[in-house]
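Residue numbers (this note's numbering): 91 to 328.
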């Protein structure tokens, strides 16, 4: 089973378990530090065995603490936290496993990509957040302290002189009753823009479904680049 949001009863249990396991983690760490200071006054073999056992306990409590802390959160550093449960039968015994992980790719990118290539250049108009590259470093695994360079360049575009906003005058309102006529009018406008053979242009639409329907009426061989987000769509006409 998988949840988009934990039930309130389960969320309270997760929050309680996060506090308890963090207390156990701190207690195990305290015991481990205390045992490490007694090497000169106790049997070294028995003491070493106890230290190994306490190390394992500390690792288990740390993992449990992270699990339940994540489970009690909806997001971690802005990344969504996914939670799911699996049921498994072993030797006639039924086991219920609870899983929790933040959806992030920075560790995988660092291990699979950044360490494997000597140089890479990443460019985009939206790499910064609040004029800072810190969020990009956090999410991508790139690190300025490790020698990765982050440079903000002036835009090569002069939108005031090079760009133009065109709002077509539509004769048909985009209502349910007039949907068919409105889509036909959209398709005619798109066809006019394509056949004009002017420079490339981007089209913004508030309804991706209607935009897709209008594009499907264009002539064969025309394949625009379409990016959708929720109910809106942006496409490139070339």
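Note that the Cβ used here is the ideal one computed from N, Cα and C, for glycine as well.
Distance, Cα to Cα, residue i vs residue j?
{"i": "residue 179", "j": "residue 185", "result": "6 Å"}
{"i": "residue 207", "j": "residue 200", "result": "10 Å"}
{"i": "residue 210", "j": "residue 245", "result": "21 Å"}
{"i": "residue 236", "j": "residue 217", "result": "19 Å"}
{"i": "residue 294", "j": "residue 255", "result": "11 Å"}
{"i": "residue 205", "j": "residue 135", "result": "41 Å"}
{"i": "residue 219", "j": "residue 226", "result": "8 Å"}
{"i": "residue 228", "j": "residue 241", "result": "16 Å"}
{"i": "residue 262", "j": "residue 251", "result": "32 Å"}
{"i": "residue 111", "j": "residue 253", "result": "58 Å"}
{"i": "residue 183", "j": "residue 97", "result": "26 Å"}
{"i": "residue 132", "j": "residue 181", "result": "42 Å"}
{"i": "residue 317", "j": "residue 203", "result": "Low local confidence applies: a pLDDT of 49 at residue 317 is under 50, so the model's placement there is unreliable, and no value is given."}
{"i": "residue 165", "j": "residue 174", "result": "15 Å"}
Of the choices the options, whose alpha-carbon is the least far from that of residue i?
{"i": "residue 116", "options": "145, 139, 104 and 132", "result": "145"}
{"i": "residue 214", "options": "277, 301 and 243", "result": "243"}
{"i": "residue 283", "options": "266, 99 and 305", "result": "305"}
{"i": "residue 258", "options": "277, 302 and 156", "result": "277"}
{"i": "residue 156", "options": "188, 231 and 230", "result": "188"}
{"i": "residue 275", "options": "112, 231 and 308", "result": "308"}
Using a Cβ-Cβ cut-off of 6 Å (strictly less than) and excluding sequence neighbours within five positions of residue i, which residues of its own chain qualify?
{"i": "residue 109", "result": "none"}
{"i": "residue 104", "result": "158, 161 and 162"}
Only counting the same chain, and skipping five residues up and downstream in sequence, which positions put a Cβ closer than 8 Å to that of residue i?
{"i": "residue 118", "result": "144, 147, 148 and 151"}
{"i": "residue 264", "result": "272, 297 and 300"}
Are residue i and residue j touching if we call contact CB-CB under 9 Å?
{"i": "residue 162", "j": "residue 122", "result": "no"}
{"i": "residue 190", "j": "residue 172", "result": "yes"}
{"i": "residue 128", "j": "residue 137", "result": "yes"}
{"i": "residue 114", "j": "residue 125", "result": "no"}
{"i": "residue 120", "j": "residue 154", "result": "no"}
Does any CB atom of chain C fall closer than 9 Å to the CB of residue i?
{"i": "residue 298", "result": "Absent from the structure is chain C; it holds one protein chain and no more."}
Less than 7 Å between C-beta atoms, sequence neighbours within five positions excluded: which residues of the same chain meet that for residue i?
{"i": "residue 99", "result": "none"}
{"i": "residue 233", "result": "227"}
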